[in-house]
Amino acid sequence: MLKNTYRNLLVSLILLLASYPLLIEAGLWGRVVELSLATAVLVTGTLAARGRSLRASFAASVSAAVVLTGIFALFNPDIAWVFALRALLFTIFLGLIIVVMSRHVFAGGRHASTTNRLYGAVCIYVLIGMFFADLHLIVNTIHPGSYLCQAGQCGGDFQTTFQTGVHLYFSFITLATVGYGDIVPATWLSGMVAAMEAIVGQMYVAILVARLVGLHLAADAEK
Numbered sequence: 001m002l003k004n005t006y007r008n009l010l011v012s013l014i015l016l017l018a019s020y021p022l023l024i025e026a027g028l029w030g031r032v033v034e035l036s037l038a039t040a041v042l043v044t045g046t047l048a049a050r051g052r053s054l055r056a057s058f059a060a061s062v063s064a065a066v067v068l069t070g071i072f073a074l075f076n077p078d079i080a081w082v083f084a085l086r087a088l089l090f091t092i093f094l095g096l097i098i099v100v101m102s103r104h105v106f107a108g109g110r111h112a113s114t115t116n117r118l119y120g121a122v123c124i125y126v127l128i129g130m131f132f133a134d135l136h137l138i139v140n141t142i143h144p145g146s147y148l149c150q151a152g153q154c155g156g157d158f159q160t161t162f163q164t165g166v167h168l169y170f171s172f173i174t175l176a177t178v179g180y181g182d183i184v185p186a187t188w189l190s191g192m193v194a195a196m197e198a199i200v201g202q203m204y205v206a207i208l209v210a211r212l213v214g215l216h217l218a219a220d221a222e223k
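Each residue of the sequence shown is one higher than the one before, starting from 1 at the first, in the UniProt record's numbering.
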């Protein structure tokens, strides 16, 4: 059951990320699609956090709050603090799911399914990117102009574009340390958040590889 949960979560995450170009171009309908797919991520993520009733209840409560603020934002797109509140709640939810899944992927028994670990490991990496994307969104909402765009595709109203999908693009480019230079931090705070994300991205890959190799060697030694 856990294996299917991680797989379903990964599918939901991929669909959510793929929906953002539609969100930017399609206006209200794009936001409806994004909210629907975000709800799917919240549901599958809550299932991944099951086990302890308190933890599952907290995840479900935060999920409900994210959905409600998302619905409110659909009809009030000009209220900046609504996006910041939703991003904050989503960040809390993502942080919880990352911790829960990390305990299974990195601290689980040696006999756990390798396929299940890989599903979980990929999910965690994507969740980290989304976690920092919401942090970038919060920073830019509190201090508009914290990120600057030097490319033509950003359009005239970059602040609006940033909160409707570009923050995810910037986050994953930073997490993977690609750094195209089209979007850059413009304040010390936004720069530090970006630096922390780059560090976490590099450390995660290194720790994951070391852990998987260690588990493989331990399994061979038992044969």
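Positions of the beta carbon are idealized from the N, C-alpha and C atoms, including for glycine.
Since this is a predicted model, take the numbers as computed values, not measurements.
Whole-angstrom distance between residue j and residue i, CA atom to CA atom
i	j	result
Pro77	Ile97	28 Å
Met1	Leu42	Low local confidence applies: a pLDDT of 49 at Met1 is under 50, so the model's placement there is unreliable, and no value is given.
Thr115	Gly145	43 Å
Ala206	Leu35	33 Å
Gly179	Phe131	18 Å
Tyr125	Ser61	24 Å
Ser171	Val100	22 Å
Arg211	Ile199	18 Å
Ala107	Arg7	19 Å
Ile92	Thr141	17 Å
Gly30	Gly214	44 Å
Val209	Phe75	45 Å
Arg117	Gly181	34 Å
Gly165	Phe72	18 Å
Tyr204	Ser102	11 Å
Ile183	Ser190	12 Å
Leu68	Glu197	28 Å
Gln202	Ile14	21 Å
Trp81	Thr161	16 Å
Met192	His143	14 Å
Gly70	Leu28	12 Å
Trp188	Leu88	20 Å
Gln150	Ser63	35 Å
Ile79	Arg86	12 Å
Val139	Leu127	18 Å
DSSP bridge partner residues for residue i (one or two, in chain order)
i	result
Leu148	Val184
Beta-carbon proximity check, residue i vs residue j, cutoff 7 Å
i	j	result
Ala186	Leu148	yes
Ala48	Thr5	yes
Val66	Phe83	no
Gly120	Val105	yes
Gln159	Leu137	no
Ala194	Thr174	yes
Ser12	Thr44	yes
Val32	Leu22	no
Cys123	Leu16	no
Leu94	Ala133	no
Thr46	Ala59	yes
The ligand GDP heavy atom lying under 6 Å from the CB of residue i
i	result
Gly165	Although the ligand GDP was asked about, the structure shown includes no ligands whatsoever.
Residue-chain proximity (residue i, chain D), Cβ-Cβ < 7 Å
i	result
Cys123	Absent from the structure: chain D. Only one protein chain is present.
Every unbroken alpha helix (DSSP H) inside the region 62-147 [4 residues or more]: 80-107 and 114-142
Runs of 4 residues minimum, wholly inside the UniProt domain "Potassium channel" (163-212): which ones carry the alpha helix (DSSP H) assignment? 167-175
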